[in-house]
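Below is one structure, written out as structure tokens; comments come after it.
Residue numbers (this note's numbering): 1112 to 1325.
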């Protein structure tokens, strides 16, 4: 055997015509990240055009472990996405409120908000990898003690709405453990973050009317 055929321990011969492995470059990763960021921005703009304040739109990366045996994200995770976006929205809103009112709103003390009912319509299945962009906004308020929060989830991968929901939140006195009226400061803030889309009727009312007609 010639010297050129002697291999170092642990080194396998490379077949002729086989390309050597080259890891992805930092520059390529940066280009991919920039392109995906542009797609996320487009999704956020799409939700803004649908009537959600640009400052009330949040990003939610899809996690592979959220899949179920049907090979798509389990429906329960949509509710969790909406919940997380709603809390982040309220935390952002609280920055514009007085310290005491803000603390009550996000920590469940004094007079704050509590979830009373949930209605969700699932439009499309979501699969990993994806990023879901979620819009939050208050529907026009009709009562002094509650507000309906309109939420929509937009898939970056599908460029489409994958779920839409309404969450009825009522004012609640956490110290006295009873219903209350919304503090005027909170009511004013909610009106400033109002949903401006064309369809402002709560989804649950529309569904009830369809069932009655049918």
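Note that the Cβ used here is the ideal one computed from N, Cα and C, for glycine as well. Please read these numbers as outputs of a predicted model, since none were measured by experiment.
- Taken atom to atom, the span from the alpha-carbon of residue 1286 to that of residue 1180 is near 43 angstroms.
- In this structure, 1263 is the residue among 1263, 1212, 1214 and 1224 with its C-alpha nearest to the C-alpha of residue 1230.
- With respect to the C-alpha of residue 1249, the residue from 1164, 1148 and 1289 having the closest C-alpha is 1164.
- In the three-state scheme derived from DSSP, where H, G and I count as helix and E and B as strand, residue 1269 is classed as coil.
- In the pairwise beta carbon analysis, the region 1251-1258 is classified as not touching the region 1267-1274: fewer than three pairs are separated by under 8 angstroms.
- Shown here for residue 1200: same chain residues with a beta carbon closer than 6 angstroms to its own, the five before and five after excluded, namely 1167 and 1247 in chain order.
- In this structure residue 1128 is exposed. Its beta-carbon is surrounded by fewer than 16 other beta-carbon atoms within 10 angstroms.
- The beta carbon of residue 1161 sits closer than 6 angstroms to the beta carbons of 1308 from its chain, once the five residues preceding and following it are set aside; these are given in chain order.
- Pairing residue 1189 with residue 1274 gives a Cβ-Cβ distance under 7 angstroms.
- In this structure, the straight-line span from the alpha carbon of residue 1217 to that of residue 1297 is close to 12 angstroms.
- Put simply, the backbone Cα of residue 1242 is about 11 angstroms away from that of residue 1192.
- Counting every other CB atom within 10 Å of its CB across the protein chains shown gives residue 1140 a total below 16, marking it as exposed.
- If you compare the alpha carbons of 1239, 1276, 1208 and 1282 with that of residue 1306, the shortest gap goes to 1276.
- For the set 1170, 1303 and 1237, the Cα lying nearest the Cα of residue 1186 is the one of 1237.
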